[in-house]
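Visitor: Let me give you the structure first, and then I'll get to my questions.
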Amino acid sequence: MAPTINANAGLLDTAVVVVKFDNGAIATAEANFSAVYGYDVRAEVFGSGGMVSAGNTALTGVTHHTAAGRSHKTVRSDVELFRDAYAAEFASFVDAVRSGEEPYVTGVDARRALAIALACIESYKIHRSVLIEKKSL
Numbered sequence: 185m186a187p188t189i190n191a192n193a194g195l196l197d198t199a200v201v202v203v204k205f206d207n208g209a210i211a212t213a214e215a216n217f218s219a220v221y222g223y224d225v226r227a228e229v230f231g232s233g234g235m236v237s238a239g240n241t242a243l244t245g246v247t248h249h250t251a252a253g254r255s256h257k258t259v260r261s262d263v264e265l266f267r268d269a270y271a272a273e274f275a276s277f278v279d280a281v282r283s284g285e286e287p288y289v290t291g292v293d294a295r296r297a298l299a300i301a302l303a304c305i306e307s308y309k310i311h312r313s314v315l316i317e318k319k320s321l
């Protein structure tokens, strides 16, 4: 299905992005900004050592797959789903402020995310892939 434009906000309603990294890794990201069926946040990372998936359209949950098997935990909100991540990010920031060291997540990370988002927008506009130069990251 082709992406549609949210006329009220001037944004893509639905999009799929394929990112090709210099090392050969490939990532995909999907977004739908009007998921009328309800709360939906999912992520999946997989490789030769196993897979971690978070989220479920029917009932938000976290499933962890390893060679030892599969485990599942049901959660009810993004705060519950990402509680450990939110807490760790906040604790890391507080530790950096207290110690005077650079935070784990910095403005450089924000600029990199912005460069990727802008490249995605450009790719959509020109209907072809866009190379992100390392110097812009």
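If you're matching positions, the sequence shown starts at 185 in the working numbering and goes up one per residue. Glycine included, C-beta positions come from ideal geometry on N, C-alpha and C. Note that the structure is a prediction, hence the values are computed from the model and not measured.
Is the Cβ of Ala238 closer than 7 Å to any Cβ of chain D?
Guide: Here chain D cannot be found, since the structure has a single protein chain.
Visitor: Report the three-state DSSP secondary structure of Phe230 (helix, strand or coil).
Guide: Taking the sequence shown and counting its residues from 1, the one referred to as residue 230 is at position 46. Of the three classes helix, strand and coil, the one that applies to Phe230 here is strand, per DSSP.
Visitor: Using the three-state DSSP reduction, which class does Ile305 fall into: helix, strand or coil?
Guide: Translated into positions along the sequence shown, residue 305 becomes position 121. DSSP places Ile305 in helix when its eight states are reduced to three.
Visitor: Take Gly234 as the anchor and find which of Val289, Ile300 and Ala252 has the nearest alpha-carbon.
Guide: In the sequence shown, the residue the question calls residue 234 occupies position 50. Among Val289, Ile300 and Ala252, the Cα nearest to that of Gly234 is on Ala252.
Visitor: When DSSP labels each residue in this structure, what does Ala252 get in the three-state scheme?
Guide: Taking the first residue of the sequence shown as position 1, residue 252 is located at position 68. Coil.
Visitor: Using C-beta distances below 8 Å, list every residue in its chain close to Ile210, excluding the 5 sequence neighbours before and after it, in chain order.
Guide: Residue numbering aside, residue 210 sits at position 26 when the sequence shown is read from its first letter. Taken in chain order, the residues that qualify are Val202, Val203 and Lys204.
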